[in-house]
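> Chains as they are written, first to last, in the numbering used here: chain D, 706 to 886; chain B, 3 to 363. Here a beta-carbon is modelled for each residue, glycine too, at the ideal position from N, C-alpha and C.
This is the structure in structure tokens:
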């Protein structure tokens, strides 16, 4: 686990466990000695009031997600694995999370200058209203059915449902998908 | 002063440079230091107190503790009393903690200490009591008797820090009378090896008074702790709390807790949480509640388990090594925020726990 982190991979869990006795700030302080940085990131994610609390103990679903993103912001991995970062989060805080992800992913820079990437799992696509993904993959039953422009794929899913992915995506996007893989 | 390893003193929070309201230090049966820097605070050897305050011998000495209770009290009763008498005059409230150290150097095979604390009505004091050996492999027995009398509305924070060696047997015997409206806060921290500790202090709590016991124990290989506390809620509206956090790294801990509610309005709660770090350790929790009136509220909770793999993996995804993650979880487990404990004493307790865990995990 820690080896993955040392390789530059970070993870935001869908259902992170509660760690009784370990304060969120204590964990963050093991990742950086820069206390101001922790405070700044916590403010960005509306989490300053949670730093003194045990990790995820009594946190709502949305608070857990913001806590996950805060930990990633302090960790700053090169590759982020984001497991449904918007599920259980109200609309206002989806925007807060997406904005933090945009900062981490250096979205303001030209693509050639960016140094970080993310693989994000989403079932609703809501977060795509706030952060632009470069490419989307449709995975069903453990298989990649297709890939392509995220907006297009979600429009098709909205119109035809996931089941159709099994047929039309496989035909329409197979070549592009294989190239990208 | 005799040659005393300062490192050993630091492990029990005795810092001769730190500010304190009074000091008392004993090596074996010799009193090395005694001082009081506050008007209204007396810190004197018990034998001197017998002369200066006759009621100490007549009414306080072997009053709460029965001299014939067991072989250790009999042994202490049969020897010249060595220890302190601490007295705070009425209404005197002292913020700066008093420091006391009891060192076992092995000059005699048995060290018998007898301390008496008396707080007059409305007084307030914090005592940090540390016990250690002159070096880690000094062998022997330490008997420590403490009788505490808290007058109406007074408040005592009593923090006991133990750092014995793996060849020491330790038998503290404590009893406290908490009179109306008074507050007694007892903290016990033992993070290092010991052959055996047997301790079961008792608090008698009168109307509107409270007694709270907190203990933090880290039992290493071949260490035996048979410890706990008993609170007798004997006055209307009396409150009691007993909280223990126990980690076994191969040692055996028997954690005995008893709250007895005898009169209307008694409220008591106890909790014992145990963490087993390997298969060699034993934690045996014995919580007891006894109610003798229908209008009382007594409760307990106890849990013993291991470090959760899920929590460990979670912390490791952030880049912590397994050792770091375990250390963080254990440290968090032992972290009790004790309400009413002065920040200075809390920091000292935190520092001692941090140092022990950093050095052992």
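Determine the contact status of residue 204/B and residue 249/B, defining contact as a CB-CB distance below 8 Å.
Taking the second chain and counting its residues from 1, one reaches residue 204/B at position 202. Taking the second chain and counting its residues from 1, one reaches residue 249/B at position 247. Not a contact, by the Cβ cut-off of 8 Å.
> Could you tell me which of 87/B, 165/B and 156/B sits nearest to residue 182/B, measuring between CA atoms?
As a first step, residue 182/B is located in the second chain; it is residue number 180 there, counting from the start. When each option's Cα is compared against that of residue 182/B, the closest is 156/B.
> Take residue 366/B as the anchor and find which of 343/B, 352/B, 353/B and 356/B has the nearest alpha-carbon.
Residue 366/B lies beyond the residue range present for chain B, which begins at 3 and ends at 363; the question has no answer from this structure.
> Nearest-angstrom Cα distance between residue 137/B and residue 771/D?
As a first step, residue 137/B is located in the second chain; it is residue number 135 there, counting from the start. As a first step, residue 771/D is located in the first chain; it is residue number 66 there, counting from the start. Taking the straight line from one Cα to the other gives about 50 Å.
> State yes or no: is the C-beta of residue 350/B within less than 8 Å of the C-beta of residue 146/B?
Taking the first residue of the second chain as 1, we reach residue 350/B at position 348. Taking the first residue of the second chain as 1, we reach residue 146/B at position 144. Against a cut-off of 8 Å, the Cβ pair of residue 146/B and residue 350/B comes out as no contact.
> Can the beta-carbon of residue 707/D be found less than 8 Å from the beta-carbon of residue 322/B?
Here residue 707/D refers to the residue found at position 2 when the first chain is read from its first residue. Here residue 322/B refers to the residue found at position 320 when the second chain is read from its first residue. Yes, Cβ-Cβ distance for residue 707/D and residue 322/B is below 8 Å.
> Please confirm whether residue 738/D has its beta-carbon closer than 8 Å to some beta-carbon of chain B.
Here the question's residue 738/D lines up with position 33 in the first chain. With 8 Å as the cut-off, residue 738/D does not count as an interface residue toward chain B.
> Taking C-beta pairs closer than 7 Å, name the residues in chain B that residue 710/D reaches, listed in chain order.
Here residue 710/D is taken as the residue at index 5 of the first chain, counted from 1. Within 7 Å Cβ-Cβ: 319, 320 and 321.
> Do you know how far the Cα of residue 271/B is from the Cα of residue 731/D?
Against the first chain, residue 731/D aligns to sequence position 26. Against the second chain, residue 271/B aligns to sequence position 269. If you take the alpha carbons of residue 731/D and residue 271/B, they lie about 29 Å apart.
> If the cut-off is 7 Å on Cβ atoms, which residues from the segment 331-363 of chain B count as contacting chain A, listed in chain order?
In the structure shown, chain A cannot be found, because the protein chains are D and B.
> Identify every run of the alpha helix (DSSP H) within the segment 721-802 of chain D, keeping only runs that are complete inside it and at least 4 residues long; order them along the chain.
The segment 721-802 of chain D contains these whole alpha helix (DSSP H) runs: 729-736, 740-749 and 766-780.
> Rounded to the nearest angstrom, what separates residue 347/B and residue 21/B at their Cα positions?
Position 345 of the second chain, counting from 1, holds the residue named residue 347/B. Position 19 of the second chain, counting from 1, holds the residue named residue 21/B. C-alpha separation (whole angstroms): 12 Å.
> Pairs of beta-carbons, one from the segment 98-110 of chain B and one from the segment 30-37 of chain B, closer than 8 Å: are there three or more?
Touching, yes, given that three or more Cβ pairs across the two stretches are closer than 8 Å.
> Does any residue of chain B have a CB that is nearer than 8 Å to the CB of residue 707/D?
The count along the first chain starts at 1 and reaches residue 707/D at position 2. Yes, because at least one Cβ of chain B sits closer than 8 Å to the Cβ of residue 707/D.
> Note the first and the last residue of the continuous alpha helix (DSSP H) segment covering residue 318/B.
The sequence position of residue 318/B within the second chain is 316, counting from 1. 311-318 is the span of the alpha helix (DSSP H), which, as asked, contains residue 318/B.
> In three-state DSSP terms, what is residue 178/B?
Working through the second chain from its first residue, we reach residue 178/B at position 176. Strand, per DSSP.
> Can you find the residues in the same chain that come closer than 6 Å, C-beta to C-beta, to residue 129/B, ignoring five residues on each side of it along the sequence?
In the second chain, counting from the first residue as 1, residue 129/B sits at position 127. For residue 129/B, where only same-chain residues beyond five positions count, the Cβ hits under 6 Å are 100 and 160.
> Out of 13/B, 125/B and 80/B, point me to the one whose CA is closest to residue 94/B's CA.
Taking the second chain and counting its residues from 1, the one referred to as residue 94/B is at position 92. The shortest Cα separation from residue 94/B among 13/B, 125/B and 80/B belongs to 125/B.
> From what residue to what residue does the alpha helix (DSSP H) around residue 327/B run?
On the second chain, position 325 is the one that residue 327/B refers to. Start and end: 324-335.
> Using a C-beta to C-beta distance shorter than 8 Å, which residues of chain B count as neighbours of residue 725/D?
Taking the first residue of the first chain as position 1, residue 725/D is located at position 20. Correct list: 334 and 335.
> Which residues in chain D sit within 9 Å of residue 326/B, going by Cβ to Cβ distance?
Walking along the second chain from the start, residue 326/B turns up at place 324. Neighbours of residue 326/B on chain D, chain order: 707 and 735.
> Please report whether the beta-carbon of residue 3/B lies at a distance below 8 Å from any beta-carbon of chain D.
Taking the first residue of the second chain as position 1, residue 3/B is located at position 1. Caution is warranted here: a pLDDT of 46 is assigned to residue 3/B, below 50, making its placement in the model unreliable, and the coordinate value is therefore given only provisionally. False, the Cβ-Cβ gap to chain D never drops below 8 Å.
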